[in-house]
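Chains as they are written, first to last, in this note's numbering: chain A, -5 to 419; chain B, 28 to 193.
Glycine included, every Cβ here is placed at the ideal spot set by N, Cα and C.
This report concerns only the one structure given below.
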Amino acid sequence: MTDRPLTRNIDPARGPLDLAGYVAAGGYEAAREMFRTMQPADVVGVVQKANLRGRGGAGFPAGTKWGLVKQGPGTSPIKYLVVNGDEMEPGTFKDRMLVEGDPHLLIEGVICASYAIQATTAYIFLRGEYLKGEQLLKAAIAEAYAAGFCGPSCFGSGYALDIILHTSGGRYICGEETALINALEGRRANPRAKPPFPAVSGLWGKPTIVNNIETICNVPGIVRLGAEWFLGLSRSTDGGGTKLYGASGRVKRPGTWELPLGVTVREVFEDHAGGMADGYALKCFLPGGASTDFLMPEHLDLAFDYTTIGKAGSRMGTGQLIAVDDKQDIVGVTHNLIAFFAQESCGWCTPCRDGLRRAERILDGMLRNEGILEDVDELKRHAWLLRPGMTFCALAPGAAEPLQSAIKYFRPEFEAWAARRSAGV
Amino acid sequence: MLSAEERAEIEHDLHHYPEKRAACIEAMKIVQRRRGWVPDDAITSIAEMLDMSPAELDGVATFFNQIYRSPVGENVILFCESISCYLLGCNSLRDALCDKLGVGRGETTADGEFTLIPTQCLGCCDHAPAMMVNDALYHDVSIDALDGILSQHRGNGPRRRQGGTP
Ligand SMILES: Cc1cc2nc3c(=O)[nH]c(=O)nc-3n(C[C@H](O)[C@H](O)[C@H](O)COP(=O)(O)O)c2cc1C
Ligand code: SF4
Ligand code: FES
C-alpha cells in the first residue's frame, strides 16, 4: 500500500475518488477483510502493536485508549466513536486535506475503529467552515450506506453502525474532547471534569472514544498491512507510521506533506517548504500549531517527533510548523497568538478567562508605546499562572507556551518595547 | 415562528441524535441560512421544538462564533486574523478592506451589503491570507484582489438570490 497510506489517493487536480474509484484503488479491502477474519479485540491489538499515536496534538496511543472501553456482558451496549475534525488550531490545515482529498479513507477508518471499540454510532464532528469537506463527506457517507458498508449490517457481517456528520458552530474549545462532547449534546462547549474519562463516560454518559481525523485515517492501513509494516514507515522509536507535516508563514512553498514520522524539522522546512522566501530569514518557529513553544533555527536538525521536540522544550502538537521571519516583531506575533487564545477561552476558569485578556492588553499596550518595564515580568507571571494543573483544560497551558518561550528567547525585544514610553518614543 | 420548511428540515435532523437538543446548532443554522441571523422568535420556537428553555438555547447560541444573534448584511465576510495570515500581512489587508467598505471590525456597511467578521484560522494557512464571503473561500488574497471579490458578491447575496426577505 505504498509508503504514503494517507495521501496515496489524493490528487488535487483530479479531485477525490468516489466509492467506485476508491474501491478500484484497493479501498475498503481492509474493512472487508477485517469483518471476515478479525475479532474486535484483534483490531485493538494490532493498533496497539503498531503504536499509532494520536495525531490531534497530545500523542496518546490510540490502541491504549481503545483498550479502556469495557466490553462484554454487563457493559453498556451503546458506545460511540467521535471523530474530531474541529481543526481550529491556527496554522493547521491537515485534516482539511484528508477530508477534501480522500473522504472514503476516513469513512473506512471510522468503520474499522468503530468495530474495534464496538461503537453503535460514529459521529464525525467537522468544523462549520469546512463546507466543501461537509459536502464531500455527506456524499461519501451516503455511498457507503448504499453499498452496505455501514448501516444495519456492515459488509453483511451483522455488525450495525450508523455514521453521522455533525458540523460545528465554530469555537476553538470544541476541539477539546470533553468540550466537543458537550457541543455534540447541544450544550455550551465548556470542558468536563476528567475523570471520568470519555472512554468510561462520554457522550450521553456512554463510553466514547474521541480521535483526530488523521489518527482514524491511519487505521485501514494498519488493519490491512499490519503493525510491522506501520512501524517500518516511521523513522522514530516514538511511534509508527507517517505524519502529515506542514509549513506556513513566509516560506517558499507552504503546504502539507506525508513523511515518515521522525524526519528532521529541516527536511520539512527546507526540502519540502523550500526554506524562507527570498529576502527573509528564519527568526523562530512554532513546531506544531499556535499552542506550542517557539523553537529557534538551531533546533532545525532535531527529529520532528514527540520525544525529541518535547526534550527541546516544546511539543510536536499537530506537526504543522509556523515559520516566523526576521522582519517580524516578536511582540506583535505574540500579541496575535494571545489575542486568539483570549478570544477563544471558554470563560470557565479565572486564570484563563481573565489572565489571557490581561496578557493581551499588556502586549497591546506595549505595541502602542504605553508599556512599562514591569510588563515583561507580569507577562511571565501570567504564563506561570496558566501552567498545567492550574486550569480546567489544556487551552490555558497551550496559550502559555508561545508566551513563555517568546520571552525566554527574545526578552530584550520585549524589554525594548516596554521601555519605549519612558524613553519618550 | 418557524416556516414549514424550516420546521421540516429541523425535524429531519432530530433523527441523528438520541436527544433533541443535540440538533440545536443545526436548527439555528437552518434558520440562519434563510434569514441571515437568528432572531428572538426563532429562538423561542426552536427551544420549544427541542424541549429546551429559550434561555438555555440562547446560551448555546451566544457561545458559538457562527451563530448570529443580531442582523448581518446580505454578505458575510469571515476574515482570518490568525497567525499564518498575520505573518503574511493580513492586518494591512484588513485595514484596506475596512477602508473600502467604510466599516470597522464586526460592522455592517451602510447599504446593508456586507458584514465584516474577523475570524480564526480558516485552515487555509498554506494559502494565506484567507477569507470567506458567504460559502466561498478566497486564498492568497492581495489588496488588489479585494475589489474583484467584493463586486462578485455586491447585489448578489445568497438570500437575495433565494428570493427571501433580506
Ligand atoms: C483547546 C484544545 C483544542 C483542541 N483542538 C483539537 C482539534 O481541533 N482536533 C483534534 O483532533 N484534537 C484537538 N484537541 C485534542 C483533543 O482534546 C483530543 O486529545 C484529541 O482529539 C484526541 O484524538 P487523538 O488521540 O487521535 O489525537 C484539542 C485540545 C485542546 C485542549
Ligand atoms: S482553561 Fe480556559 S478554555 Fe479551558 S476550561 Fe478553563 S476557561 Fe475554559
Ligand atoms: S491562519 Fe489564516 S487560514 Fe490559518
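Inset, instruction - State yes or no: is the C-beta of P248(A) nearer than 8 Å to some heavy atom of ligand 3? - result: Within the first sequence, residue 248(A) is the residue found at index 254, counting from 1. No, the Cβ of P248(A) stays beyond 8 Å of every heavy atom of ligand 3.
Inset, instruction - Check Y16(A) in the structure and name its three-state DSSP category. - result: In the first sequence, the residue the question calls residue 16(A) occupies position 22. DSSP places Y16(A) in helix when its eight states are reduced to three.
Legend entry - Element boundaries [beta strand (DSSP E), containing V262(A)]: For the purposes of this step, residue 262(A) is taken as residue 268 along the first sequence, with counting starting at 1. For V262(A), there is no enclosing beta strand (DSSP E), as DSSP marks it with neither H nor E.
Legend entry - Inter-residue Cα distance where the pair is L149(B) and M82(A): The residue you call residue 149(B) lines up with position 122 of the second sequence. The residue you call residue 82(A) lines up with position 88 of the first sequence. As the crow flies, the alpha-carbon of L149(B) is around 7 Å from that of M82(A).
Legend entry - Reduced DSSP category for W64(B) - H, G, I as helix; E, B as strand; rest coil: Taking the first residue of the second sequence as 1, we reach residue 64(B) at position 37. Three-state DSSP puts W64(B) in coil, outside helix and strand.
Inset, instruction - Using a cut-off of 8 Å between C-beta atoms, extract the partners of Q322(A) located in chain B. - result: The count along the first sequence starts at 1 and reaches residue 322(A) at position 328. Going along chain B in sequence order, the residues near Q322(A) (Cβ under 8 Å) are L114.
Inset, instruction - Give me the Cα-Cα distance between S70(A) and L350(A), rounded to the nearest whole angstrom. - result: Along the first sequence, one-based indexing puts residue 70(A) at 76. Along the first sequence, one-based indexing puts residue 350(A) at 356. Their Cα atoms are separated by approximately 40 Å.
Legend entry - Interface residues of chain B facing A183(A) [CB-CB closer than 7 Å]: Counted from its first residue, the first sequence places residue 183(A) at position 189. Those within 7 Å of A183(A) in chain B are F90.
Inset, instruction - In angstroms with no decimal places, state the Cα-to-Cα distance between G152(A) and C144(A). - result: By one-based count along the first sequence, residue 152(A) stands at place 158. By one-based count along the first sequence, residue 144(A) stands at place 150. If you take the alpha carbons of G152(A) and C144(A), they lie about 10 Å apart.
Inset, instruction - Determine contact between the stretch 360 to 379 of chain A and the stretch 28 to 37 of chain B, defined as no fewer than three beta-carbon pairs at a distance below 8 Å. - result: Contact fails: fewer than three Cβ-Cβ distances are below 8 Å.
Inset, instruction - Assign H42(B) to one of two classes, buried (16 or more other C-beta atoms within 10 Å of its C-beta) or exposed (fewer than that). - result: Your numbering for residue 42(B) matches position 15 in the second sequence. Residue environment for H42(B): exposed (fewer than 16 other C-beta atoms within 10 angstroms of its C-beta).
Legend entry - Any non-hydrogen atom of ligand 1 closer than 8 Å to T209(A) Cβ: Mapped onto the first sequence, residue 209(A) falls at position 215. T209(A) Cβ: within cutoff of ligand 1.
Inset, instruction - Can you tell me which of I167(A), I158(A), E395(A) puts its alpha carbon nearest to the alpha carbon of V104(A)? - result: Here residue 104(A) is taken as the residue at index 110 of the first sequence, counted from 1. Of the candidates I167(A), I158(A), E395(A), the residue whose Cα lies closest to the Cα of V104(A) is I158(A).
Inset, instruction - Using only alpha-carbon positions, find the residue among A413(A), L219(A), T209(A), G234(A) that is nearest to V77(A). - result: As a working mapping, residue 77(A) is identified with position 83 in the first sequence. With distances taken between Cα atoms, V77(A) lies closest to T209(A).
Inset, instruction - With a threshold of 8 Å, establish whether the CB of C106(A) neighbours any heavy atom of ligand 5. - result: As presented, the structure is devoid of ligand 5, carrying ligand 1, ligand 2 and ligand 3 as its sole ligands.
Inset, instruction - Would you check if the stretch 166 to 186 of chain A and the stretch 317 to 327 of chain A touch, i.e. whether three or more CB-CB distances between them fall below 8 Å? - result: Result no; under three Cβ-Cβ pairs closer than 8 Å.
Legend entry - Exposure of S339(A), with buried meaning 16 or more beta-carbon neighbours within 10 Å: The residue labelled residue 339(A) in the question sits at position 345 within the first sequence. S339(A) is buried by the Cβ-count criterion.
Inset, instruction - Could you tell me which of T258(A), V194(A), T250(A) sits nearest to Y74(A), measuring between CA atoms? - result: Here the question's residue 74(A) lines up with position 80 in the first sequence. Proximity to Y74(A) across T258(A), V194(A), T250(A) peaks at V194(A), based on C-alpha coordinates.
Legend entry - Where S416(A) falls, given that 16 or more other Cβ within 10 Å makes a residue buried: By 1-based counting over the first sequence, the position of residue 416(A) is 422. Exposed is the call here.
Legend entry - Interface flag, P84(A) vs chain B, CB-CB below 9 Å: As a working note, residue 84(A) is residue 90 in the first sequence. With 9 Å as the cut-off, P84(A) counts as an interface residue toward chain B.
Inset, instruction - Show which residues of chain A have a CB atom less than 9 Å away from the CB atom of M159(B). - result: The residue you call residue 159(B) lines up with position 132 of the second sequence. Residues of chain A passing the Cβ test: E123, L125.
Inset, instruction - Would you mind reading off the limits of the beta strand (DSSP E) that contains K277(A)? - result: The count along the first sequence starts at 1 and reaches residue 277(A) at position 283. Unbroken beta strand (DSSP E) run through K277(A): 276 to 280.
Inset, instruction - Determine, using beta carbons only, whether V327(A) comes closer than 9 Å to chain B. - result: As a first step, residue 327(A) must be located in the first sequence, where it is residue number 333. V327(A) counts as touching chain B.
Inset, instruction - Give a yes or no on whether the C-beta atoms belonging to L131(A) and L178(A) are separated by under 9 Å. - result: Residue 131(A) sits at position 137 when you count from the first residue of the first sequence. Residue 178(A) sits at position 184 when you count from the first residue of the first sequence. Inclusion of L131(A) and L178(A) in the CB contact set at 9 Å is not warranted, their separation being larger than that value.
Inset, instruction - Name, please, each residue of chain B whose Cβ falls closer than 7 Å to the Cβ of F87(A). - result: As a first step, residue 87(A) must be located in the first sequence, where it is residue number 93. The contacting residues are G150, C151, C152, D153.
Inset, instruction - Could you tell me whether the Cβ of S119(B) comes closer than 9 Å to any Cβ of chain A? - result: The sequence position of residue 119(B) within the second sequence is 92, counting from 1. The C-beta of S119(B) comes no closer than 9 Å to any C-beta of chain A.
Inset, instruction - Enumerate, from N- to C-terminal direction, the unbroken beta strand (DSSP E) stretches of 3 or more residues contained entirely within the stretch 69 to 144 of chain A. - result: Taking only runs of at least 3 residues, the beta strand (DSSP E) segments lying wholly in the stretch 69 to 144 of chain A are 74 to 79, 115 to 120.
Inset, instruction - Identify every residue that forms a DSSP beta bridge with H160(A). - result: Looking up residue 160(A) in the first sequence gives position 166. Partner(s): F119(A).
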